[in-house]
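Just so we're aligned: the sequence shown equals residues 392 to 854 in the numbering used here.
Backbone N, C-alpha and C fix where the C-beta goes; we use that ideal spot for every residue, glycine too.
Predicted model, so just to flag it, every value in this text is computed and none were measured.
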Amino acid sequence: MPSAPEAALSTPLLLLISAAAIAILLLLIIRIRLHPFFALVIVSIATALATGIGVSDLIATLTGGFGRTLGNVAMLIGFGAVLGRIVAVSGGARVLSDTLIRICGRERAPLGLSIAALLFCFPIFLDAAYVVMLPIIFAVARELKGSVLLYGLPVAGAALVMHALMPPHPGPVAAAVFLHADIGLVLFVGLLVGLPTWYVMGYRLAVTLANKTPYQPVPDVMGGEEDDGAPPPSFGTVLLVLLLPLVLIFMNTGISTLISAGTLPEDNALLDVFVVIGETPIALLISTCVAMWLLIFRRGRKAPMDAINDIIEQALAPVCTIILITGAGGMFGGVLTASGIGNALAASLDAIGMPLILAGYLIASVIRIAQGSATVAGTTAAGIMAPAVLAEPALAGMPAACITTAIVAGAIGYSHVNDSGFWLVGRFLQVETRTMLRTWSVMSTGISLMAFGLVWALFALVT
Numbered sequence: 392m393p394s395a396p397e398a399a400l401s402t403p404l405l406l407l408i409s410a411a412a413i414a415i416l417l418l419l420i421i422r423i424r425l426h427p428f429f430a431l432v433i434v435s436i437a438t439a440l441a442t443g444i445g446v447s448d449l450i451a452t453l454t455g456g457f458g459r460t461l462g463n464v465a466m467l468i469g470f471g472a473v474l475g476r477i478v479a480v481s482g483g484a485r486v487l488s489d490t491l492i493r494i495c496g497r498e499r500a501p502l503g504l505s506i507a508a509l510l511f512c513f514p515i516f517l518d519a520a521y522v523v524m525l526p527i528i529f530a531v532a533r534e535l536k537g538s539v540l541l542y543g544l545p546v547a548g549a550a551l552v553m554h555a556l557m558p559p560h561p562g563p564v565a566a567a568v569f570l571h572a573d574i575g576l577v578l579f580v581g582l583l584v585g586l587p588t589w590y591v592m593g594y595r596l597a598v599t600l601a602n603k604t605p606y607q608p609v610p611d612v613m614g615g616e617e618d619d620g621a622p623p624p625s626f627g628t629v630l631l632v633l634l635l636p637l638v639l640i641f642m643n644t645g646i647s648t649l650i651s652a653g654t655l656p657e658d659n660a661l662l663d664v665f666v667v668i669g670e671t672p673i674a675l676l677i678s679t680c681v682a683m684w685l686l687i688f689r690r691g692r693k694a695p696m697d698a699i700n701d702i703i704e705q706a707l708a709p710v711c712t713i714i715l716i717t718g719a720g721g722m723f724g725g726v727l728t729a730s731g732i733g734n735a736l737a738a739s740l741d742a743i744g745m746p747l748i749l750a751g752y753l754i755a756s757v758i759r760i761a762q763g764s765a766t767v768a769g770t771t772a773a774g775i776m777a778p779a780v781l782a783e784p785a786l787a788g789m790p791a792a793c794i795t796t797a798i799v800a801g802a803i804g805y806s807h808v809n810d811s812g813f814w815l816v817g818r819f820l821q822v823e824t825r826t827m828l829r830t831w832s833v834m835s836t837g838i839s840l841m842a843f844g845l846v847w848a849l850f851a852l853v854t
């Protein structure tokens, strides 16, 4: 283990170094346009040296935070990306949308599409999910002769909520790792907070904003829906594949809680098996293998193993950058902990009386507004807050899950022109920037504020 800095620096100096580090990080990303991975590594090295971490301990400090983060995060993001890709190429998104629109009715087609996106976006990232859903959005808008925003914005709202709050997306996973929060509890809190937030801000507000915006025609662009040529899966099969990881993770959390409470015995082989298969990486691995069997093998796909290997390659390549950025964020957080900056920040927050959950939200929001990336904002804010949260034993368990959710709520809001998601949605729907600011930006801000308000209320109940 690396040693602490030889000469302890004063709290004001540590906070000054911390503020300078964040400012330099934002400067590198925003003005110099350096890739966030390199920016985080460079700032981590400079912060470590500035706070007195010795040269002999430098590499151990850097790789320690990086390795611990990737050890927890890489498999979750990888399995989640593959699971989402399998559902996409099998036509699962089309099946979900068609079924839910039929259930909801033509008049409530935006609701059906939004629910479909809510389910489909559990394992797949916002940009990939939205591109897959685009042809469905366009087809429905043409058939019903409605503004493309009326159908595209509720889908974006659902995708934004899932990407912000739900594991296995990188923001909540990384924040949970830094704060030692149980993934199952984070998922539970995310659902408690996310579902009402989606309905009010991701769906109702989206529909209201779309209706108040002048008619937007369906653009003449092709989306990215994929079809592997085999018969489409059934709605029940797609639903099973998407809900299976949730069931397994909740089973682990429930059994572990009952064992800790003494309701169930500790030394029980059957319970141990259930706990293991409910661990988040194992649950996602099992769910991905089930998806391979049900959506590729059983549907008569030719050369199924070649198809699966192609899907895995296509799914993992885009997420490598996200995994590295998340690991670099863990490196930065490790430096903040080893240098004593985290403890200095905790003491300062305690002195001014600012609740940790509010501080986490505000820090994530400021970083998000400044540089645009939700992953960088959530990862950096969680790394900054980790020492303060871990120093309070009373915050273990549900409180830590609430703080995790608050941080990622701050990291997803206030989207504007420096956010890649802003441009992805705007360019595919071919709406003007001012329209995006009046719709997408307002919706993302509403999602952030409501999610934070709900999770703060829940935090108050459990502490």
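Could you spell out where the alpha helix (DSSP H) holding residue i opens and where it closes?
{"i": "Y542", "result": "539-556"}
{"i": "A566", "result": "561-570"}
{"i": "D448", "result": "446-480"}
{"i": "V833", "result": "831-853"}
{"i": "M776", "result": "765-781"}
{"i": "T654", "result": "No alpha helix (DSSP H) holds T654; DSSP gives it neither H nor E."}
{"i": "P403", "result": "402-421"}
{"i": "I433", "result": "427-441"}
{"i": "F813", "result": "811-820"}
{"i": "F511", "result": "500-511"}
{"i": "L583", "result": "574-588"}
For residue i, which of the options has the nearest alpha-carbon?
{"i": "Y805", "options": "L749, R829, Q821", "result": "R829"}
{"i": "G855", "options": "V552, V666, I673, F529", "result": "What is shown of the chain runs 392 to 854, which leaves residue 855 out entirely."}
{"i": "R485", "options": "A508, A472, L467", "result": "A508"}
{"i": "A414", "options": "M776, A761, V539, G817", "result": "A761"}
{"i": "I506", "options": "T604, R759, P403, R595", "result": "R595"}
{"i": "Q705", "options": "L747, L502, V629, G471", "result": "G471"}
{"i": "N700", "options": "F457, V473, R422, I640", "result": "V473"}
{"i": "F723", "options": "L407, I433, I713", "result": "I433"}
{"i": "I420", "options": "I775, A792, T836, G763", "result": "G763"}
{"i": "V710", "options": "E670, I515, L418", "result": "I515"}
{"i": "A430", "options": "L582, A719, D810", "result": "A719"}
{"i": "T712", "options": "A674, S730, G669, T766", "result": "T766"}
{"i": "I444", "options": "L400, L425, P427", "result": "L400"}
{"i": "T671", "options": "L662, V726, L637", "result": "L637"}
{"i": "L707", "options": "A441, I468, T402, A785", "result": "I468"}
{"i": "Y606", "options": "V546, V667, L749, A532", "result": "A532"}
{"i": "E534", "options": "F511, P501, C512", "result": "P501"}
{"i": "S811", "options": "A779, G581, D518", "result": "D518"}
{"i": "G456", "options": "L578, L715, T795, A782", "result": "L715"}
{"i": "T854", "options": "S739, E783, F813", "result": "E783"}
{"i": "A768", "options": "I436, V833, A549, T717", "result": "T717"}
{"i": "P545", "options": "Y521, V584, R459, L686", "result": "Y521"}
{"i": "A772", "options": "L686, F569, I492", "result": "F569"}
Go ahead and label residue i buried or exposed: buried means 16 or more other beta carbons lie within 10 angstroms of its beta carbon, across all protein chains shown.
{"i": "M592", "result": "buried"}
{"i": "I423", "result": "exposed"}
{"i": "R759", "result": "buried"}
{"i": "E616", "result": "Only weak support exists for where E616 lies, its pLDDT of 48 falling under 50; the coordinates are left without a value."}
{"i": "G653", "result": "exposed"}
{"i": "A682", "result": "buried"}
{"i": "I743", "result": "exposed"}
{"i": "A660", "result": "exposed"}
{"i": "P526", "result": "buried"}
{"i": "F850", "result": "buried"}
{"i": "V632", "result": "buried"}
{"i": "Y752", "result": "buried"}
{"i": "I640", "result": "buried"}
{"i": "L487", "result": "buried"}
{"i": "I408", "result": "buried"}
{"i": "F688", "result": "exposed"}
{"i": "M789", "result": "buried"}
{"i": "V667", "result": "exposed"}
Comparing the C-beta of residue i with each C-beta of chain C, is any distance below 8 Å?
{"i": "P561", "result": "Given the protein chain composition of this structure (a single chain), no chain C is represented."}
Inside the region 678-750 only - alpha helix (DSSP H) runs reaching at least 4 residues: Listed in chain order, they are 695-730, 732-743.
Closer than 8 Å is the cut-off here; do at least three beta carbon pairs connect the region 644-655 with the region 470-488? Touching, no, given that fewer than three Cβ pairs across the two stretches are closer than 8 Å.
Cβ pair count under 8 Å reaching 3, the region 811-827 against the region 567-575: With a cut-off of 8 Å, the region 567-575 and the region 811-827 do not count as touching, because too few Cβ pairs lie within range.
With a cut-off of 8 Å, do at least 3 Cβ pairs link the region 799-816 to the region 840-849? These segments touch.
Taking 8 Å as the cut-off, does the region 547-563 touch the region 581-589 (at least 3 CB pairs, one atom from each stretch)? The region 581-589, when compared against the region 547-563, does touch it at the 8 Å Cβ threshold.
Are the region 559-569 and the region 446-463 in contact at 8 Å, needing three or more beta carbon pairs? Result yes; three or more Cβ-Cβ pairs closer than 8 Å.
Is it true that the region 806-813 meets the region 594-611, where meeting means three or more beta-carbon pairs spaced less than 8 Å apart? Contact between the region 806-813 and the region 594-611 is absent: fewer than 3 CB-CB pairs across the two stretches fall below 8 Å.
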